[in-house]
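Enquirer: Take the sequence shown: its position 2, counting from 1, is numbered 2 in UniProt numbering, and each next residue is one higher.
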Amino acid sequence: MAHTRRSPERLSAFSDGVFAVLITVLVLELRPPEIPTFAALLALWPTWLSYAVSYVFIAIVWANHHHLMRYASEATPRLMWFNFAHLFSVSLLPLSTAWMAVSELAPQPVAFYAAVFFLVNATYVALIFDLVGRAPADEVPPRERRIMRIRSVVTLAIFAFAAAVALRYPVAGLALCCCCLIVYLKPEAPGGEDRP
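1. What is the rounded straight-line gap between the Cα of residue 63 and the Cα of residue 187?
2. For residue 22, which residues in the same chain have their Cβ closer than 8 Å to its Cβ, ignoring the five residues on either side in sequence?
3. If we count the other Cβ atoms within 10 Å of its Cβ and call it buried at 16 or more, is residue 196 buried or exposed?
4. Compare the C-alpha of residue 108 against each of 173, 154 and 65 and name the closest.
5. Can you check whether the CB of residue 74 is closer than 8 Å to the CB of residue 8?
6. I'd like the span of the alpha helix (DSSP H) that includes residue 90, first residue to last.
7. Rounding to the nearest angstrom, what Cα-Cα distance links residue 1 and residue 138 in this structure?
8. What three-state label does DSSP hand residue 130 in the structure shown?
9. Decide yes or no for the touch test of the segment 12–26 against the segment 35–46: beta carbon pairs closer than 8 Å, at least 3 of them.
10. Jot down the residue ranges of each uninterrupted alpha helix (DSSP H) in the segment 130–183, minimum 4 residues, whole runs only, in chain order.
11. In chain order, what residues of the same chain have a beta carbon less than 6 Å from the beta carbon of residue 184, not counting five sequence neighbours either side?
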């Protein structure tokens, strides 16, 4: 009996559900200050900054994942495991965010946070190589493939550098992570055409 082709739609729907749960968990961790004043609220700026960056990060990761999954024609076992690895790495974000926020941007928690960004990007690179690598040349032109790969490998190196920098200068390490996020605000590779 021949197996039918496994559609990637279920994989995308499951992934969307995981991203929704992660955003919910992230937001549920926010706590108001014990003292009812604006000064007390402002004193929690490391917490608010941590959660704001993480929320934007999850949104960017979801948008890029959604864009990349458009190249999937079949949910192969390799794609499913790469996708699970990617979702696992993203699932570490609420933990790393909470630790960084509670520590008020202490060096080791910020370094761990940057390391989570590195892991998320590393698993995204695996998805790129699997999906874009198998896509026909007329669907993904060579220039766009090259730009996608270069962008992902360069940001991977910057996340690794940010983790190392954060051990000495945590705010600088976090700033490096934020700079990398800007590169992914538009999921399409620079110069690449958006596809419906």
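From the three backbone atoms N, C-alpha and C, an ideal C-beta is built for every residue, glycine too.
Expert: Let me spell this out:
1. Here residue 63 corresponds to residue number 63 of the sequence shown, with the count starting at 1. Here residue 187 corresponds to residue number 187 of the sequence shown, with the count starting at 1. The alpha-carbon atoms of residue 63 and residue 187 are separated by roughly 7 Å.
2. Here the question's residue 22 lines up with position 22 in the sequence shown. Around residue 22, the same chain offers 58, 90, 91, 93 and 94 as residues with beta carbons nearer than 8 Å, after the five sequence neighbours per side are excluded.
3. In the sequence shown, the residue the question calls residue 196 occupies position 196. Here the model assigns residue 196 a pLDDT of 45, short of 50, so the residue's position is not dependable, and the following value carries that caveat. Burial state of residue 196 is exposed, judged by a 10 Å Cβ sphere holding fewer than 16 other Cβ atoms.
4. One-based indexing of the sequence shown puts residue 108 at position 108. Between residue 108 and the set 173, 154 and 65, the nearest pair of CA atoms involves 173.
5. Here the question's residue 8 lines up with position 8 in the sequence shown. Here the question's residue 74 lines up with position 74 in the sequence shown. Taking 8 Å as the Cβ cut-off, residue 8 and residue 74 qualify as a contacting pair.
6. Start at 1 with the first residue of the sequence shown, and residue 90 comes out as number 90. First-last of the alpha helix (DSSP H) with residue 90: 77–91.
7. Taking the first residue of the sequence shown as 1, we reach residue 1 at position 1. Taking the first residue of the sequence shown as 1, we reach residue 138 at position 138. Confidence is the limiting factor: at residue 1 the pLDDT is only 44, short of 50, which leaves the residue's position unreliable, though a coordinate-based value still follows. Straight-line Cα distance between these residues: approximately 33 Å.
8. Taking the sequence shown and counting its residues from 1, the one referred to as residue 130 is at position 130. It is helical.
9. no
10. Counting only runs of at least 4 residues, the segment 130–183 fully encloses the following alpha helix (DSSP H) elements, listed from N- to C-terminal order: 142–166 and 170–183.
11. Here residue 184 refers to the residue found at position 184 when the sequence shown is read from its first residue. Excluding residues within five positions, the ones whose Cβ falls inside 6 Å are 60 and 64.
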